[in-house]
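Take a look at the structure below.
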Amino acid sequence: MNKNVGIARSAAQVNAPLLVRASRPPATATAVPTATPQTSFAVDGQNPTTYTVGGKTCAATQSNSTAQSFNLGGLTGTLYFQFSFTCHAAWAKVIFSKPVPHNYGDASIVRNNDGRSYTCNGGGNLEVAPGQTSCYTGMVYDGPAQTASAYASFTFSNGQTDVSSELGPY
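In this note's numbering, the protein residues as written are 550 to 719.
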């Protein structure tokens, strides 16, 4: 009995070169880059009434507004947390019930993740001066991974500033 058992091959296979596959080298781990958190966004500090996305201002595409009333020694008003889904941006607006008698009123918006903040003087329409009733801030990017808070304040004639209202974080 013949113990040399082979694989049956046709004549074409016998004359064809033998194909040998090289084995793959073992997989090596590839370093995954870590993302540095983004701290600056295009909408940061922009004016919501003039900054446009898709041909419309962020104020015109406002999607959400949350309000809170406050009373500061007879001076009443409302703080608004404004948000635009189109711009992924938030800003604050304060409206006093009557013209501010002296010194000024102000609002601020703060992105809680990194502390980036703007007042009415920073990207908005300037603080509420004597004889005026309202102001709004510049915007902060407020995307899915961020939150922001809005604040209203009034500075008295003696220089003391009172933060009278807070909304957020949202």
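All C-beta atoms, glycine included, are put in the ideal place defined by N, C-alpha and C.
inquiry  = Can you look up tyrosine 700 in the DSSP assignment and give me helix, strand or coil?
reply    = One-based indexing of the sequence shown puts residue 700 at position 151. Three-state result, tyrosine 700: strand.
Rounded straight-line distance, which links the Cα of phenylalanine 703 to that of aspartate 711 = The sequence position of residue 711 within the sequence shown is 162, counting from 1. The sequence position of residue 703 within the sequence shown is 154, counting from 1. Straight-line Cα distance between these residues: approximately 6 Å.
Closest Cα partner of tyrosine 723 within the set Ala639, Asp593 and Ser706 = Lying before the first or after the last residue shown, residue 723 is absent from the chain, which here runs from 550 to 719.
Three-state class that DSSP yields for alanine 584 in the structure shown = Here residue 584 refers to the residue found at position 35 when the sequence shown is read from its first residue. Legend: pLDDT at alanine 584 = 46, less than 50; position of this residue unreliable, value from coordinates given subsequently. In the structure shown, alanine 584 sits in coil (DSSP, three-state: anything other than H, G, I, E or B).
message = Just list the residues that DSSP pairs serine 714 with in beta bridges.
response = As a first step, residue 714 must be located in the sequence shown, where it is residue number 165. For serine 714, which the question treats as bridged, DSSP gives the partners Ala701.
ask   = Rounded C-beta distance between isoleucine 658 and serine 646? I'm assuming under 8 Å.
value = As a working mapping, residue 658 is identified with position 109 in the sequence shown. As a working mapping, residue 646 is identified with position 97 in the sequence shown. At roughly 22 Å, the Cβ-Cβ gap does not stay under 8 Å, so isoleucine 658 and serine 646 are not in contact.
query = Who are the near neighbours of proline 679 in its chain, counting only those whose CB is closer than 8 Å to its CB and skipping five residues on each side?
reply = Position 130 of the sequence shown, counted from the first residue, corresponds to residue 679. Taken in chain order, the residues that qualify are Pro648, Val649, Pro650, His651, Asn652 and Tyr653.
ask   = Given that a residue counts as buried once 16 or more other Cβ atoms are within 10 Å of its Cβ, and exposed if not, what is glycine 603?
value = Here residue 603 corresponds to residue number 54 of the sequence shown, with the count starting at 1. Label assigned to glycine 603: exposed.
request  = Enumerate in chain order the residues of its own chain whose CB-to-CB distance from threonine 627 is below 6 Å, with the five nearest sequence positions on each side excluded.
outcome  = In the sequence shown, the residue the question calls residue 627 occupies position 78. Closer than 6 Å at the Cβ level, and outside the excluded window around threonine 627, lie Ala616, Ser618 and Ile644.
message = Suppose you measure from the CA of phenylalanine 630 to the CA of proline 693; what does that come to, to the nearest Å?
response = As a first step, residue 630 is located in the sequence shown; it is residue number 81 there, counting from the start. As a first step, residue 693 is located in the sequence shown; it is residue number 144 there, counting from the start. Between phenylalanine 630 and proline 693, the C-alpha separation is close to 17 Å.
request  = Could you check the C-alpha separation between glutamine 595 and tryptophan 640 for me, to the nearest Å?
outcome  = Position 46 of the sequence shown, counted from the start, is the residue given in the question as residue 595. Position 91 of the sequence shown, counted from the start, is the residue given in the question as residue 640. So the two alpha carbons sit approximately 10 Å from each other.
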